[in-house]
Amino acid sequence: MSLFDRFRRRPGRMRRPGGDLRGTGSTTVRASDDADEQHLREFVTTRRGVEGFVEPRTAVSDVTLLLVAHDGEWTRRRVPSVKWAHTFANKHQVPSYDAAVVGIPQRMRDYNSRQKKQRP
Numbered sequence: 117m118s119l120f121d122r123f124r125r126r127p128g129r130m131r132r133p134g135g136d137l138r139g140t141g142s143t144t145v146r147a148s149d150d151a152d153e154q155h156l157r158e159f160v161t162t163r164r165g166v167e168g169f170v171e172p173r174t175a176v177s178d179v180t181l182l183l184v185a186h187d188g189e190w191t192r193r194r195v196p197s198v199k200w201a202h203t204f205a206n207k208h209q210v211p212s213y214d215a216a217v218v219g220i221p222q223r224m225r226d227y228n229s230r231q232k233k234q235r236p
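Adding 116 to a residue's 1-based position in the sequence shown gives its number in this note's numbering.
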């Protein structure tokens, strides 16, 4: 066996992605559930000035809805689809935006900075 034999393709063996996920660092993406929807609903009803930012599916997470309150407090949860996220926001009279287009609001970053400074 030569040094480079280990790196050659073996017939009949699938390579990543789609092959064996053990040892790849890949994670199983959890689907959204009723607890996620309940959390989003509670956040919208207990905060003022909430805006929604729909984040597209990525390699590591499904579609998510990021809700940001007027003071920058935020929450992010998985949702079934982009359409569902916009419908949820419209139903709760929350403006919604595509995060890939408009980005994340500065007030959220400011809130995170304030929280970081408050921690001992």
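Heads up, the beta-carbon is just placed ideally off N, CA and C, and yes, glycines get one too.
Because the structure is a prediction, the values reported are computed rather than measured.
Limits of the unbroken alpha helix (DSSP H) element including residue i
i, result
"R223", "Q222 to Q234"
"V160", "D150 to T162"
Status (buried if at least 16 other CB within 10 Å, exposed otherwise) for residue i
i, result
"A147", "exposed"
"L162", "Position check: residue 162 holds Thr in this sequence, whereas Leu was assumed. Exposed."
"T180", "buried"
"D152", "buried"
"S212", "buried"
"E158", "exposed"
"T140", "Per-residue confidence for T140 stands at a pLDDT of 48, beneath the threshold of 50, marking its modelled position as unreliable; the derived number appears in the next sentence. The residue in question, T140, is exposed, as its Cβ has fewer than 16 Cβ neighbours within 10 Å."
"A216", "exposed"
"V218", "exposed"
Range covered by the beta strand (DSSP E) that runs through residue i
i, result
"E189", "From DSSP, E189 is part of no beta strand (DSSP E); its letter is neither H nor E."
"G168", "E167 to E171"
Under the three-state DSSP convention, the category residue i falls into
i, result
"V218", "helix"
"V210", "coil"
"T203", "helix"
Residue of the options minimising C-alpha distance to residue i
i, options, result
"V79", "V210, K233 and I220", "A query on residue 79 cannot be resolved here, the shown segment of the chain reaching from 117 to 236 and no further."
"S229", "V195, R193, G188 and F169", "G188"
"F169", "V176, D150, R194 and D149", "R194"
"T174", "Q154, D226, S197 and A185", "S197"
"Q222", "E167, S177 and F204", "E167"
"T191", "Q154, V176 and T203", "Q154"
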